[in-house]
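Q:
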Amino acid sequence: MSTLASSSGRRLWPVVAAVALVAAAAATGCVRMKEEGDFEELGLVGASSEPPPGLVRPVAPDDLMAVHDRGRLLHQLEKTLRMAYADGVHTVGDPGTEALLPLVDVDPGGRSAQALFVRWRPDGQGNLPNIDAAHAQRWLLVSMLLTPDRVLDVEILQGPLAKGSHTARRVDTIAAAAERVRQLAPGAVFHLLDLYEEVPADPDKPAKGTKVVAHVYALSADSDGPDLEVV
């Protein structure tokens with residue numbers, strides 16, 4: 208089994224299967240509301256030879272430059288996640304639930320990033336709904352610069368995810384991966400980061416076009432746990 212080395216020296220062990228749902232509580236702060244419909248959904252289809260927006264190229268194990276670039280991207284994504292909690296979530300306060308999921312993105316140049324947090328609210332008896340896109344609510348968007356490190360904006364969101372949207376598919380992908388990760392490393396806490404690769408639908412038949420393959424990277428939140436790649 209091959210492994211992928213990150214820029215921080217970690218080794219990612221692939222698991223064929225693709226978050227920790229975390230609690231957050233902090234001091235209150237001032238943010239502004241984001242209105243419904245302010246975001247355009249990210250497309251997954253493109254006609255050029257370049258991957259469509261939101262997609263990355265596959266990494267061949269013997270392509271050292273591609274391996275390095277993927278490791279650097281994972282480092283940037285995890286850095287974005289930490290900043291989003293420290294300077295975003297913790298300035299807003301209690302999200303009203305223990306089921307909170309961040310979706311993290313870094314722009315291709317690695318200069319800016321954002322983390323979209325979705326949540327699942329418990330009912331009057333304290334029971335959580337199913338952890339899936341159909342029951343998720345948008346909660347918080349944290350936008351930031353990575354060079355230099357600075358949070359630019361923290362916005363309160365509202366409303367459900369659009370059915371069938373790219374965001375909804377991401378949530379369901381990560382939620383499915385979470386169960387597999389719990390089976391492999393029960394009790395461990397991970398930062399879960401999702402990436403999507405455009406690959407040939409059939410390498411021997413180019414006319415069949417391409418398909419999208421999800422990769423969820425489960426990076427240990429401490430130095431003692433394993434790092435996993437769920438595909």
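When you line the sequence shown up against the working numbering, it's residues 208 to 438, in that order. Think of the CB as a built atom: it goes at the ideal place given N, C-alpha and C, for glycine as much as any other residue.
In terms of residues, what are the limits of the beta strand (DSSP E) holding V388?
A: Unbroken run through V388 is the alpha helix (DSSP H), H373 to L391; no beta strand (DSSP E).
Q: Pick out whichever of R318, A343 and Y292 has its Cα sitting closest to the Cα of A306.
A: Selected option, being the one with the closest Cα: A343.
Q: Distance check for R345 and A369, CA to CA, integer angstroms please.
A: The alpha-carbon atoms of A369 and R345 are separated by roughly 10 Å.
Q: Can you name, in chain order, every residue of its own chain whose Cβ lies under 8 Å from the Cβ of D429, other than the five neighbours on each side?
A: Cβ within range, chain order: V396.
Q: Less than 7 Å between C-beta atoms, sequence neighbours within five positions excluded: which residues of the same chain meet that for P265?
A: For P265, where only same-chain residues beyond five positions count, the Cβ hits under 7 Å are E404 and V406.
Q: First and last residue of the beta strand (DSSP E) that includes H422?
A: Taken as a continuous stretch (DSSP letters only), the beta strand (DSSP E) holding H422 covers T417 to S427.
Q: Ordered along the chain, which non-local residues of its own chain (more than five positions away) have a Cβ less than 7 Å from that of L352?
A: Closer than 7 Å at the Cβ level, and outside the excluded window around L352, lie R318, S319 and L359.
Q: What residue does the alpha helix (DSSP H) around H282 start on, and which one ends it?
A: H282 -> alpha helix (DSSP H) spans L271 to A291.
Q: Once DSSP output is grouped into helix, strand and coil, what is the label at D294?
A: Three-state DSSP puts D294 in a helix.
Q: According to the Cβ coordinates, are V361 and V311 closer than 8 Å?
A: No; because the gap between Cβ atoms is not below 8 Å, this pair is not in contact.
Q: Is it buried or exposed for D434, if we count other Cβ within 10 angstroms and need 16 for buried?
A: Buried.
Q: Please classify P329 as buried or exposed, where buried requires at least 16 other C-beta atoms within 10 Å of its C-beta.
A: Flag for P329 reads exposed.
Q: Beta strand (DSSP E) containing R150: first to last residue?
A: Because the chain is modelled from 208 through 438, residue 150 falls outside the range shown and cannot be assessed.
Q: In angstroms with no decimal places, state the Cα-to-Cα distance between A231 and A421.
A: Below a pLDDT of 50, predicted positions are generally treated as unreliable, and A231, at 33, falls in that range; the measurement from the model is reported next regardless. Those two C-alpha atoms are separated by around 27 Å.
Q: Given that a residue counts as buried once 16 or more other Cβ atoms are within 10 Å of its Cβ, and exposed if not, what is R169?
A: The structure shown has nothing for residue 169, since the chain only spans 208 to 438.
Q: Helix, strand or coil for P413? Go by DSSP, reduced to three states.
A: P413 falls in the helix class under three-state DSSP.
Q: From the DSSP output, in three-state form, read off V299 for me.
A: Three-state DSSP puts V299 in a helix.
Q: Could you tell me the boundaries of the beta strand (DSSP E) in which S350 lies?
A: Q344 to L353 is the span of the beta strand (DSSP E), which, as asked, contains S350.
Q: My understanding is that L400 touches A384, with C-beta atoms under 8 Å, so please give their C-beta distance in whole angstroms.
A: Rounded, the Cβ-Cβ distance is 10 Å, inconsistent with contact.
Q: Work out the CA separation of G278 and G333 for me, nearest whole Å.
A: One C-alpha to the other measures close to 40 Å.
Q: Once the 5 residues before and after A340 are set aside, which same chain residues still bring their CB inside 7 Å of it?
A: Answer for A340: L368, A375, V378 and D379, listed in chain order.
Q: Tell me the DSSP bridge mates of R357?
A: Paired residues: L352.
Q: Bridge partners of V313, per DSSP?
A: For V313, which the question treats as bridged, DSSP gives the partners A320.
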